[in-house]
Amino acid sequence: MSSRPKLQDVADLAGVSIGTASQALNGKASVAPETRELVIQAAKQLGYEL
């Protein structure tokens, strides 16, 4: 991937909606811990700036 990854890329890789990815990365309590971990791992894999 030549350009910076976007939140949509993270969401797609994690298999969640962009809203869920956003909430997970912002530490919202409404996101299950397992989902949060999937999103964080996807973000790291893509080089998404956390």
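If you count by our numbering, then the sequence shown holds residues -9 to 40, one letter each, in order. Just so it is clear, CB atoms sit at the ideal spot from N, CA and C, and this is done for glycine as well.
Exercise for review: With DSSP as the reference, label S7 as helix, strand or coil.
Suggested key: Position 17 of the sequence shown, counted from the start, is the residue given in the question as residue 7. Coil.
**Study point:** Nearest to I8 (by Cα), restricted to the options I30, L(-3), E27, R26
**Key:** Walking along the sequence shown from the start, residue 8 turns up at place 18. When only C-alpha atoms are compared, the closest one is L(-3).
Exercise for review: Buried or exposed for A33, please, with buried defined as at least 16 other CB atoms from any protein chain shown within 10 angstroms of its CB.
Suggested key: Sequence index remark: in the sequence shown, residue 33 carries index 43 (1-based). The residue in question, A33, is buried, as its Cβ has 16 or more Cβ neighbours within 10 Å.
Practice item. Express the C-alpha separation of Q31 and E24 in angstroms, rounding to a whole number. Key: Position 34 of the sequence shown holds residue 24. Position 41 of the sequence shown holds residue 31. So the two alpha carbons sit approximately 11 Å from each other.
Review point. Any idea what DSSP makes of L(-3), helix, strand or coil?
Key: Indexing the sequence shown from 1 puts residue -3 at position 7. Helix.
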